[in-house]
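Chains as they are written, first to last, in the working numbering: chain C, 1262 to 1613; chain X, 515 to 702.
Ideal Cβ positions, reconstructed from N, Cα and C, are used throughout, including at glycine.
Here the structure is a predicted model, which is why all the values come from computation and not from measurement.
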């Protein structure tokens, strides 16, 4: 589904390439203005690591747009002409009975290919922002590493019992670093399950969001899993087919939203204190998500946070490049990630 | 005739499930009680270390220290895990010991030399950890007791409880001292 949406977005963005003011230089922001608490100190960092790259990247942005526009001048007339040519060709004699479906597929692929040809330079430019600029923004938090591509896979978290059944996985934006002494390892992923019906098969998204592993200050004896509440029948099935035992907790609001399973009843309650339950509920509302799920195992807390929006993306290529918007976005998104540690107080040595 | 037989069979099956539930709940209480004992044992093992260091510095708290020692001995005594009264006494002794030990830990604040002692700092951290685990074990026990008591107080549980050899179990409640509001002035 996201594939089709991406194609439609690329087709629309192509039309912006014909804006007469597109290649004119616009005024760049000269300095980073700190407007949020979490941005404190970033203006210095911006001056030191990012401002000197602005002119180079602005030139590259104009070049990428120029190339895309040139390609658009070749491809768009073809894209416009095709619908007028199609009715004059006898497709039935070429493809037979299923000619309509086949022509539709060919056209879709052809348009996709042309869109790719036009937008390729723009996409490459935006990838360069991610690979060259994002690490420089993340340096602000100390030893933080960022990789646009990742070898990480949801498969390595199967032990949690939280990973849904999936056949296709698209992962990107791997980040690794420390915040207040807690090691954060996160990546963005989309898991899709193949659905087969009588006539066709298609992929349905079963999870889209971020997977985070946070180091904890102590090792756990057992495994404790916090799942979203899946109703009476869903919970009954989970209980029946899980090796873990259901943990009944005192907070009725928490019990309404989550189901807890563990192989150590005492440890589960040691971890999920009344305060911790409240913090988890607060975190759920700050992410605007109803279904944060997590697993305490070994020395780690693994969390799955569904987020519809594609996170850690650079700003629009149609805007002048000064990295200010990129920085502001990235800082805002990371602040949200750090709020997990702050809200759950994972940096505290005792009693979580 | 067949209908009557069917109804009787259905009733027997239902009674069996209720009986099995009481047994399961009873075993859960025993499991939870064992969990509490493990944590109480950890606390009990910690006490001699704390008292040995405390005795060196806390000259004015002799009574308190002696009381803790006595209560520790009382808590360590074996008890009948199937007798609610015996369990209640055991829990009560544990709660009182917890309260007295808490007082020792608070008194440490009045002795700067003791407070900054490395062994004492470590002992306090372990104490906090053990207390948190006792609290967790207590929550598990109370949850199990609540389930058992509900299952045997509601008919036909009352009737089946005799056959399952199950009795109403006492809750692990915080002792009276810790229920009192804390006055900040005492520690200032």
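Can you give me the Cβ contacts of residue 561/X inside the same chain, cut-off strictly under 6 Å, excluding the 5 residues immediately before and after it?
Taken in chain order, the residues that qualify are 586.
Here's a check: name, in chain order, each residue in its chain whose Cβ is nearer than 6 Å to the Cβ of residue 1525/C, leaving out the five neighbours to either side.
1482 and 1483
Helix, strand or coil for residue 1427/C? Go by DSSP, reduced to three states.
If DSSP states are grouped into helix, strand and coil, residue 1427/C belongs with coil.
Any beta carbon from chain C within less than 7 Å of residue 616/X's own beta carbon?
no
Could you run through the segment 655-675 of chain X and flag, in chain order, every residue whose CB is less than 7 Å away from some CB of chain C?
657
So, does the CB of residue 1527/C fall closer than 7 Å to a CB anywhere in chain X?
Yes - at least one Cβ of chain X is within 7 Å of the one on residue 1527/C.
Count the C-beta pairs between the segment 582-597 of chain X and the segment 644-655 of chain X that are closer than 8 Å, then say yes if the count reaches three, no if not.
no
Starting from the C-beta of residue 600/X, find all residues in its chain whose C-beta is less than 6 Å away, skip the five residues before and the five after it, and write them out in chain order.
593 and 594
Where does residue 1444/C fall in DSSP's three states?
strand
What in chain X is Cβ-close to residue 1530/C, meaning under 7 Å?
650, 653 and 654
Could you name each continuous alpha helix (DSSP H) segment of 4 residues or more that falls completely within the segment 1371-1411 of chain C, going from the start of the chain to the end?
The segment 1371-1411 of chain C contains, as complete alpha helix (DSSP H) runs of 4+ residues, the segments 1395-1399 (chain order).
Any beta carbon from chain C within less than 7 Å of residue 602/X's own beta carbon?
no
Residue 647/X versus chain C: which residues are under 8 Å apart at the beta carbon?
1527 and 1531
Alpha carbon to alpha carbon, how far is residue 607/X from residue 652/X?
14 Å
With a threshold of 6 Å on Cβ separation, who are the neighbours of residue 1407/C within its own chain once the five nearest residues in sequence on each side are excluded?
1395, 1396, 1399 and 1436
Does chain C have any CB closer than 7 Å to the CB of residue 612/X?
no
To the nearest angstrom, how far is it from the Cα of residue 1357/C to the Cα of residue 1344/C?
20 Å
Applying the 10 Å Cβ sphere with the 16-neighbour rule, what's the burial state of residue 1615/C?
With chain C represented from 1262 up to 1613, any question about residue 1615/C goes unanswered, as that position is not in the structure.
Can you give me the Cβ contacts of residue 659/X inside the same chain, cut-off strictly under 7 Å, excluding the 5 residues immediately before and after it?
543, 683 and 685
Are the C-beta atoms of residue 549/X and some chain C residue less than 7 Å apart?
Yes, because at least one Cβ of chain C sits closer than 7 Å to the Cβ of residue 549/X.
With burial defined as no fewer than 16 other Cβ atoms inside 10 Å of the residue's Cβ, what is the status of residue 1280/C: buried or exposed?
exposed
Quick one: grab the DSSP three-state call for residue 670/X.
It is coil, neither helix nor strand.
Which of the residues in the segment 1423-1434 of chain C, read from start to end, lie with their CB under 8 Å from any CB of chain X?
Correct list: empty, as no residue qualifies.
Rank 546/X, 603/X, 630/X and 517/X by C-alpha distance to the C-alpha of residue 650/X and give the top, closest one.
Residue 650/X has its Cα closest to that of 546/X, out of 546/X, 603/X, 630/X and 517/X.
At the 7 Å Cβ level, is residue 1509/C part of the contact set with chain X, yes or no?
yes
Under 7 Å between the Cβ atoms of residue 1304/C and residue 1295/C?
yes
To the nearest angstrom, how far is the alpha carbon of residue 530/X from that of residue 1566/C?
43 Å
So the beta strand (DSSP E) residue 1562/C belongs to, where does it begin and stop?
1561-1567
Note down the Cα distance separating residue 1507/C from residue 1410/C, rounded to an integer number of angstroms.
38 Å
Who are residue 1572/C's beta bridge partners in DSSP?
Beta-bridge pairing links residue 1572/C to no other residue.
Would you tell me roughly how many angstroms separate the C-alpha atoms of residue 1368/C and residue 1431/C, rounded to the nearest one?
26 Å
Assuming residue 1535/C and residue 1511/C make a contact with CB atoms under 8 Å, what is their CB distance in whole Å?
7 Å
Answer with buried or exposed for residue 624/X, where buried requires no fewer than 16 other C-beta atoms within 10 angstroms of its C-beta.
exposed
Pop quiz: residue 1420/C and residue 1558/C are said to be a contact at Cβ under 8 Å. What is the actual Cβ separation, rounded to whole angstroms?
6 Å
Got a sec? Which residues, its chain only, sit under 8 Å from residue 579/X by beta carbon, not counting five neighbours each side?
565, 568, 569, 572 and 618
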